[in-house]
Each structure stands twice: as structure tokens, then as C-alpha cells.
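Mapping of the first sequence onto the numbering used here: residues 463 to 937, in sequence order. Below is one structure, written out as C-alpha cells; the observations come after it.
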Amino acid sequence: MPIKLFNTASRKVETFQPLNKKYVSMYSCGITAYYYTHIGHLYTYTTSDLLRRVLEYAGYDIRHVMNVTDVGHMTSDADEGEDKLIVGAKKENKTPAEIARFYEKCFWEETVKMNILKPNTICRATEHISDMLHLIEQLEKNGYTYKTSVGVIFDTSKFAAYPNFAKLNLAKQEAGARVKIDKERKNPWDFALWVTNQPNHLMQWDSKWGKGFPGWHIECSAMSMRYLGETLDIHTGGIDHIPVHHTNEIAQSECATGKKFVNYWTHTAFLNVNNTKMSKSLGNLYTLQDLAGKDFVPLALRYFFLGTSYRKPINFTWEALNAAQTALVKLWKHCLELPAPACEVLAPYIKNFEEAIYDDLNMAKALAVVWKLLESKEDASKKAATLFHMDKVFGLDLANARTQLSNLENLKKENLISKDKKYLEKEFKALKLIEHRYLLKQQKKYQEADAIRDQIKKLGFSIEDSKDGTILKPI
RNA sequence: GGCGGCAUAGCCAAGUGGUAAGGCCGUGGUCUGCAAAACCGCUAUCCCCAGUUCGAAUCUGGGUGCCGCCUCCA
Numbered sequence: 463m464p465i466k467l468f469n470t471a472s473r474k475v476e477t478f479q480p481l482n483k484k485y486v487s488m489y490s491c492g493i494t495a496y497y498y499t500h501i502g503h504l505y506t507y508t509t510s511d512l513l514r515r516v517l518e519y520a521g522y523d524i525r526h527v528m529n530v531t532d533v534g535h536m537t538s539d540a541d542e543g544e545d546k547l548i549v550g551a552k553k554e555n556k557t558p559a560e561i562a563r564f565y566e567k568c569f570w571e572e573t574v575k576m577n578i579l580k581p582n583t584i585c586r587a588t589e590h591i592s593d594m595l596h597l598i599e600q601l602e603k604n605g606y607t608y609k610t611s612v613g614v615i616f617d618t619s620k621f622a623a624y625p626n627f628a629k630l631n632l633a634k635q636e637a638g639a640r641v642k643i644d645k646e647r648k649n650p651w652d653f654a655l656w657v658t659n660q661p662n663h664l665m666q667w668d669s670k671w672g673k674g675f676p677g678w679h680i681e682c683s684a685m686s687m688r689y690l691g692e693t694l695d696i697h698t699g700g701i702d703h704i705p706v707h708h709t710n711e712i713a714q715s716e717c718a719t720g721k722k723f724v725n726y727w728t729h730t731a732f733l734n735v736n737n738t739k740m741s742k743s744l745g746n747l748y749t750l751q752d753l754a755g756k757d758f759v760p761l762a763l764r765y766f767f768l769g770t771s772y773r774k775p776i777n778f779t780w781e782a783l784n785a786a787q788t789a790l791v792k793l794w795k796h797c798l799e800l801p802a803p804a805c806e807v808l809a810p811y812i813k814n815f816e817e818a819i820y821d822d823l824n825m826a827k828a829l830a831v832v833w834k835l836l837e838s839k840e841d842a843s844k845k846a847a848t849l850f851h852m853d854k855v856f857g858l859d860l861a862n863a864r865t866q867l868s869n870l871e872n873l874k875k876e877n878l879i880s881k882d883k884k885y886l887e888k889e890f891k892a893l894k895l896i897e898h899r900y901l902l903k904q905q906k907k908y909q910e911a912d913a914i915r916d917q918i919k920k921l922g923f924s925i926e927d928s929k930d931g932t933i934l935k936p937i
């Protein structure tokens, strides 16, 4: 069954055809390691993870590369022209490298929690400066650069296809809408390949153009080519990168090699919070830590992401996340009831599942197949086999449902203990009352037993009688 | 000003010409001493107007509303 993918370059859904039969090359624009990973990042990387899992499911061998931007290139939040990494370093009294390593580590930890597979190759910008210098040299040789007091600049007017990728209307675009115009540049869209004459910049390398540091875009071109060759099958990223970062990547790469840079571009739409952009200044920037504080496990977020299409903005609300976690818990509980998986999967369900995932990653549709399967009257061991088979793509850890459920219980309990120091004491009391109630129930003294339920409720618990005994649940 | 996206039940959403997937919530029932859990059932005509068509959520035109981008950003 062919895999269909929406290609940003053509704005059409295309049939995926890898260049090389042996493997698929896939490059994902990684993070800039200067702050904590938030759920918007995780949306984008969950999407690339799903794409990778779908390709692997389809039998492709994947070479997945992701960069880590650990060299400063950006201005601060206030557009002061200062490097974010350096701002962070000064604030925390650390070196930029320390800052970058710290937040990079945080990032990988978060992705593990989200069950996002690690890329085969992880490359840091600072460790590939010479690759970038070589690429800039090539561009200079090909006549696409000029020099200003800032450094080596890419001349976008030399690359006629420049506006095509993002459908830019350069003539009507408002230059300098947000950033001061650099009068030395020939065109407002020209961008720096190598920045010199910045004595205050903490990270500097020698080059034939003088001491300096690379522009942001060059790292992705240099590193993707180093590990995957001059033409990539797939390049992924956030939708915000289309007009600038990816447009510039294409320009530098294609002008350096004379070859097509990427065959398929996929971009994940933004995650909004209450239909508004998530940002630090609005105070609606959430991390997995924030979610954990409200009793949500990371995989609930993953399930939430599976409910929609990566090409549409996803609207994060606590209510929606709660719905996702409730559904996931129900799914895990179903898995607990299932026997050992059979050797055989249920072909009709797998067919529907594959049709969905190969249709531009239609995970919402694929999940609907799961629920159809659960309510079907098929053989339980075949159900289990089918579910676990599908979970290779979903990544919801269905095979370890018991552990996942107990992790969730532990999380809730930890939160209760941290909110209420007397929690364990109360729990102990409640357990004593349950013993008492059990005796009363045996004697069919139901009114008294119900009175004890009320007492337990006052301690903050509800109780459920099950065949395995009475379960205490925090309210 | 330019560019792009979105609008489906209380919430999250799938669906691109043939009479609306799925999840959550709600609700009715079975079960239970009661309750909970579990299970079974129910719950929308698709922002507005006009048009094309035998037939439109799905195509065309015009509105309205929301979001994002225009060299910080996943």
C-alpha cells in the first residue's frame, strides 16, 4: 500500500517514493537548547516520530537525523539582538555550552517520556563548524555571497526560486515589519552565513573571513548533507520554519550543490492553548512537569496528539487533555483484561488501520479502528495481537498497561502528598474504616456501613467494592 | 499592507460530491444491599448567504469570525 504524504513544496498530497531502495533519509529540525521543552515542541516531535514509525512499520529502514542548535544565532525575546543562549548563560551564570547541554538533556528526557524514538544520529551545531565553513566556501565559490561589516551574507536575488517554497511575495512583503533593516544588505531577505565582528559573542571560531560564528540556517544544510547526502527524502519541522529557516536552507543547499535539497517536506502545525498562541509572556506555556502537577501522564498528551491531524493547529485545553487521558486509561484497562496475544492478527482491522496511517498519518482515523476492535466480538487473543501490532505506530505502550496505570496512580498519590502533608495519615485512617465497614457489611448492617462511607468521604476518599476487595480512591 | 491556515454536537475531532468515524462529557438501562466499576443503548445535518449539481459538510462566488507568519519561535 503506498504511503501518501502532504508535501509542503507542492502543497499537495503525494505518494512517497524514496530515492534509495535500501533506506529512507529523514532530517528533523531539532531544538535550540536554551529553555525547557514545552508541549508545542513535543507536538512537532511526536509528529516526526509518528512519521518515522509509519515508515518503519511499512518496512523501510530509516536513517533519522536530528540537530541540536547549541550555538547562538538568535535575538532575545525583546529583539535586542542578543543571543538567547548567551542571555541564558549570563542569567544563570554559566557558559553557553553548559546551558545548551542542560536543556538538551531535558529535551531528550521529555522525548523518552513521550515514547518518541531517538533519532539514529543526533548532531550538535558546535561540533560541525568545519562542515558549515566548507559549505559557505562552496557558496562563495559559486558566487552566491557577498561581505558586509556583519559577515558573509547570502544573496537571495541570485537564487530565482527563493520565494517559491513559502510562496513569498517579496515585492509586497513588508520589510522590517519586526526587525530593523540592515542597510548594508542588498536585499532585505538576505541572511547571514557567517557572522563576524561581534567581540562580545561568547562562542567564536576562526575562519578565513575572520573570527565569528555561523548563521542559524547553515547548520541544518551542513549537517543534513554530512549524514544523509545532498538530497534528502524527508525533512520535517514546525510550520513556523517554512518562510525563513527552510526557505533559506533550500537556497543555501541548492546553490551549493546544484541539486534538489529535499523531496518531501512535512510541517507540523502549531499547538495553541485556548485558541491562542502559546508563549512565555502569556503564561500559557506548558511543560510535561506542569501536566504532571495536574495528574497527567506524558502518554496522555501523546494520545491527545493522536486525536487530530498534524496539519491542523491543535487546540490544547485541560478539558481536552482530560478526555484524552480518560480514554487512554480505558484503553490500558482493556489491555489488562486481554490474554496473551495470538500469533495471528485480525486482517480486516489491520487493513483499515493501514489505510488510515498511510493516508498522510491519519491517526484519528486509525484510533477509531482501535475502538471498533475493542467493542468487537473477535477472539480476545487475536484482539491483543492486533492491538499490540498497531501500537508499534501509536506508541502508547499498551503492552505495559499495568505499569503505566500504576505510574498514573503513583503520580496522583505523589501530588496528593505534596498538597496535603497529612495525606498518608488520612489514608491510613480510611483503610482502618474500610476494615470496619467490611465487618458491618458481612453482618448486613448496611446503614452503618454507609455511614462509614460518609466518614471516609470526609477524609477525601471514595470507595469502590469490587470482587478483589474494596478500593480506596482519592476524590 | 502582503502571505498562509482554520470554522463539523457541551469539549477534542475524522470525513473533499451520494444522505455525518472515534474519544470525552451527558443521559437511559443491565449489574450491585446501595454506590462505583464494567457492559449495552441514546445524543449533530456540518459559521452565514448565493450558485453549480439528480445530489454538497465536501465544488464555485461573496460575507462573517478566529488563528498564525512577514528574518526569536516546534
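We put the beta carbon where it would ideally sit given N, CA and C, even for glycine.
{"Item": "Simplified DSSP assignment, three categories, for R473", "Value": "coil"}
{"Item": "C-alpha gap between A559 and Q666, whole angstroms", "Value": "12 angstroms"}
{"Item": "Complete beta strand (DSSP E) runs within the stretch 747 to 801 (minimum length 3 residues, chain order)", "Value": "776 to 778"}
{"Item": "Residues bridged to T494 [DSSP beta-bridge criterion]", "Value": "T531"}
{"Item": "Buried versus exposed, by CB contacts within 10 Å (16 or more), K845", "Value": "buried"}
{"Item": "Short Cβ contact (8 angstroms threshold) for V807 with T848", "Value": "yes"}
{"Item": "Burial state of A802 (16 or more Cβ within 10 Å)", "Value": "exposed"}
{"Item": "Enclosing beta strand (DSSP E) for K965 [first to last residue]", "Value": "Lying outside 463 to 937, the shown extent of the chain, residue 965 is not represented and no answer is given."}
{"Item": "Whole-angstrom distance between Y505 and A818, CA atom to CA atom", "Value": "19 angstroms"}
{"Item": "Y908 burial status per 10 Å Cβ neighbour count (16 or more: buried)", "Value": "exposed"}
{"Item": "With 16 other Cβ atoms within 10 Å as the buried cut-off, status of Q714", "Value": "buried"}
{"Item": "Touch test, the stretch 507 to 517 against the stretch 817 to 832, Cβ-Cβ under 8 angstroms, three pairs minimum", "Value": "yes"}
{"Item": "Segment limits, beta strand (DSSP E) that includes I696", "Value": "L694 to G700"}
{"Item": "Reference L753, options C491, D617 and A786, closest by Cα", "Value": "A786"}
{"Item": "For T719, the first and last residue of its enclosing alpha helix (DSSP H)", "Value": "T709 to T719"}
{"Item": "Supposed close pair N412, G691 - CB separation, criterion 8 angstroms", "Value": "Residue coverage of the chain in this structure runs from 463 to 937, which leaves residue 412 outside it and unanswerable."}
{"Item": "Closest Cα partner of L579 within the set V612, H663, V516 and K556", "Value": "V516"}
{"Item": "Length of the line joining the Cα atoms of L895 and T932", "Value": "11 angstroms"}
{"Item": "Buried/exposed call for W780, threshold 16 Cβ in 10 Å", "Value": "exposed"}
{"Item": "At least three beta-carbon pairs within less than 8 angstroms, the stretch 677 to 690 to the stretch 602 to 610", "Value": "no"}
{"Item": "Beta-carbon gap between T477 and V533 smaller than 8 angstroms", "Value": "no"}
{"Item": "Chain-order list of residues whose beta-carbon lies under 6 angstroms from that of F815 (same chain, five-residue window excluded)", "Value": "A828, V831 and M852"}
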